[in-house]
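Q:
Numbering (our numbering), first residue to last: 3 to 142.
#1: In the DSSP assignment, the alpha helix (DSSP H) including residue 38 goes from what residue to what residue?
#2: Count the other C-beta atoms from every protein chain shown that fall within 10 angstroms of the C-beta of residue 31, then say buried if there are 16 or more, exposed otherwise.
#3: Residue 126 and residue 87: beta carbons closer than 9 Å?
#4: From residue 15 to residue 84, what distance separates their C-alpha atoms?
#5: Going by the beta-carbon positions, is the gap between residue 52 and residue 66 smaller than 9 Å?
#6: Pick out whichever of 47, 79 and 137 has its Cα sitting closest to the Cα of residue 24.
#7: Quick check on DSSP: helix, strand or coil for residue 123?
#8: Straight-line CA distance for residue 27 to residue 93?
#9: Which residues does DSSP pair with residue 77 in a beta bridge?
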């Protein structure tokens, strides 16, 4: 059995994908490693990381991270969408852009003559609701 883009489905990859699909928190490789060890006690963190990178490279999952983030996170949803990153706790949330924003972005890309776009990302940095409640604010 093969996944899209001629990637062979191994038991390890199937379990990694299943575990990733269960999480909406955009887990790190370490978090996925901890979860899959219940089914694959002999798997190594390096194997988990290598397979997640390969699945992302093939476009089956997304690698999520910013220059500011300390760890890479992985997203089951390979469709184009935006992410909001909490700069305090490192949490990541999906943001679905409106149809108007998508149309505006497509128009911008169409104006890039002779430029082949391979990927695009829009990341928002800020505080999640839990962290925002604890961050001291300057008085206005």
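Even for Gly, the Cβ is constructed at its ideal location relative to N, Cα and C.
A: So, to answer that:
#1: Numbered from its first residue, the chain shown carries residue 38 at position 36. Element bounds for residue 38: 31-38.
#2: Sequence index remark: in the chain shown, residue 31 carries index 29 (1-based). Classification of residue 31: buried, given that the 10 Å Cβ count is 16 or more.
#3: Here residue 126 corresponds to residue number 124 of the chain shown, with the count starting at 1. Here residue 87 corresponds to residue number 85 of the chain shown, with the count starting at 1. Yes, the pair counts as a contact, with Cβ atoms nearer than the cut-off.
#4: In the chain shown, counting from the first residue as 1, residue 15 sits at position 13. In the chain shown, counting from the first residue as 1, residue 84 sits at position 82. Going by the C-alpha atoms only, they are around 25 Å apart.
#5: The residue you call residue 52 lines up with position 50 of the chain shown. The residue you call residue 66 lines up with position 64 of the chain shown. Not closer than 9 Å, so no.
#6: Within the chain shown, the letter at position 22 stands for residue 24. Measuring from the Cα of residue 24, the nearest candidate turns out to be 79.
#7: Here residue 123 refers to the residue found at position 121 when the chain shown is read from its first residue. Coil at residue 123, not helix or strand.
#8: For the purposes of this step, residue 27 is taken as the residue at position 25 of the chain shown. For the purposes of this step, residue 93 is taken as the residue at position 91 of the chain shown. Cα-Cα distance, rounded: 7 Å.
#9: The sequence position of residue 77 within the chain shown is 75, counting from 1. Paired residues: 64.
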